[in-house]
Amino acid sequence: MLSRLFASRQRPFIPRRHERETIAIDLSGSRLTFSAPPNICQDSFADASQEPPSRVNLFDNSQYSTDFKREEWKREGVSLQTLMKRSWELFGPIWRGRSIATIDFTLVLYRHDAIPKNMSCLNPQHFETVVMRYLYYLGPCIPNHRQQKAPVNWQLRNLDGATAIFFEEHQRFSAQALEERPFYDTHFSSCFFIPLDQTRYLQFNFRNLGYAPVEPCIRVMNGIRDLLCDSVELRLSADAKAQLASIQTQWPEAKANPMRGIEHWVYPEWKRSGNFDGKIIITKPGSPPPPWQTQVI
């Protein structure tokens with residue numbers, strides 16, 4: 000209670016932030032475990048929580064939703080299912096009843112339907128291409144949204160011999176916008192991608208909606224994120240381990256880049272057909288999607 004009593008924007012309070020629940024999910028023989036604070040969010044604008052399943056059949060295609068209805072130039076060729084959702088609120092002074100910031104966490108299972116048959120998410124170089132294409136389809140393929148600065152804070156992590164990839168994705172705000180609304184700098188997402196087999200992988204996604212002053216806000220929000228990501232453990236199934244061993248034999252030199260800077264993609268020029276809700280028409284193409292690298296360099 001004292002933490003809440005003395006909370007401020009410099010030292011925000013998160014209810015039950017030091018409590019941890021262990022999450023364990025059986026993913027067709029692969030076992031994922033991590034710890035997270037309980038869902039604590041009463042904000043009506045936040046996503047409703049969704050508790051994780053104890054077991055998931057990776058090969059039950061009926062559980063995935065696809066992007067086949069999107070326009071062809073926006074279609075990445077992936078299917079997904081959401082496994083879990085939680086939110087955490089940050090509170091300032093006790094006389095301010097509403098929260099001052101929110102962290103939304105989502106755990107998503109992906110199946111990449113467009114990855115070439117001679118590539119695998121368990122190959123770190125191939126998986127890096129999967130991740131960069133994900134960022135591209137969130138960027139130039141959504142030209143009516145704010146441009147992004149990504150990847151930021153690129154990191155590689157080893158989980159049971161497989162290469163997982165962490166990074167941040169920020170919106171590109173003008174200097175004037177940041178001067179007028181400095182809390183924009185606390186609006187960003189963090190992603191942790193974990194390969195499971197040739198076509199399937201997990202995404203831990205954290206979406207921050209924060210406040211100014213920026214530094215203490217980011218420090219607290221990233222503290223929750225980092226504790227969760229650092230707790231992740233993966234034990235691959237026997238089949239996935241066999242796939243990984245085969246890949247390491249076939250491509251012993253395959254590695255993902257240990258560091259990456261921001262991609263300077265050119266965004267397309269566009270207009271709408273008809274009214275405000277009309278279809279987007281590209282008038283000048285931007286950068287193409289990152290090519291598939293079937294050959295390991």
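Mapping of the sequence shown onto numbering that gives the first Met the number 0: position 3 corresponds to residue 2, and the numbering continues sequentially without gaps. All residues carry an ideal CB built from backbone N, CA and C; glycine is no exception.
For residue i, the nearest candidate out of the options (CA to CA)
i	options	result
residue 50	152, 83, 92 and 248	83
residue 267	277, 14, 278 and 285	285
residue 197	40, 241, 278 and 9	241
residue 48	37, 54, 232 and 55	37
residue 137	6, 170 and 18	170
residue 13	275, 222 and 291	222
residue 22	274, 31 and 109	31
residue 6	74, 24, 60 and 96	96
residue 28	163, 237 and 274	237
Cβ neighbour criterion (16 or more within 10 Å) applied to residue i
i	result
residue 265	exposed
residue 119	buried
residue 72	exposed
residue 87	buried
residue 225	exposed
residue 11	buried
residue 271	exposed
residue 281	exposed
residue 122	buried
residue 157	exposed
residue 259	buried
residue 128	buried
residue 111	buried
residue 189	buried
residue 185	buried
residue 43	Here the model assigns residue 43 a pLDDT of 49, short of 50, so the residue's position is not dependable, and the following value carries that caveat. The residue is exposed, with fewer than 16 neighbouring Cβ atoms inside 10 Å.
residue 18	exposed
residue 251	exposed
Run of the alpha helix (DSSP H) containing residue i, from where it starts to where it stops
i	result
residue 216	213-229
residue 246	237-249
Residue i: first and last residue of the uninterrupted beta strand (DSSP E) it sits in
i	result
residue 25	20-26
residue 177	Premise fails: residue 177 lies in the alpha helix (DSSP H), 174-179, not in any beta strand (DSSP E).
residue 189	187-194
residue 17	No beta strand (DSSP E) contains residue 17, which DSSP labels as neither H nor E.
residue 283	279-283
residue 34	29-35
residue 87	77-89
residue 205	199-208
residue 270	268-271
residue 144	Taken as a continuous stretch (DSSP letters only), residue 144 belongs to no beta strand (DSSP E), as it is neither H nor E.
Inter-residue CB distance, residue i and residue j (contact presumed, cutoff 8 Å)
i	j	result
residue 182	residue 211	4 Å
residue 92	residue 293	Not quite, the Cβ-Cβ distance comes to about 56 Å (not below 8 Å), so this is no contact.
residue 255	residue 124	6 Å
residue 85	residue 159	About 24 Å separates the two Cβ atoms, so there is no contact after all.
residue 64	residue 80	7 Å
Three-way DSSP call (helix, strand, coil) for residue i in this model
i	result
residue 131	helix
residue 103	strand
residue 136	helix
residue 43	Its pLDDT being 49, under 50, residue 43 is placed unreliably in this model, and the value from its coordinates should be taken loosely. Looking at residue 43 - three-state DSSP - the assignment turns out to be coil, as it is neither helix nor strand.
residue 183	helix
residue 72	helix
residue 259	coil
residue 110	strand
residue 60	helix
residue 286	coil
residue 275	coil
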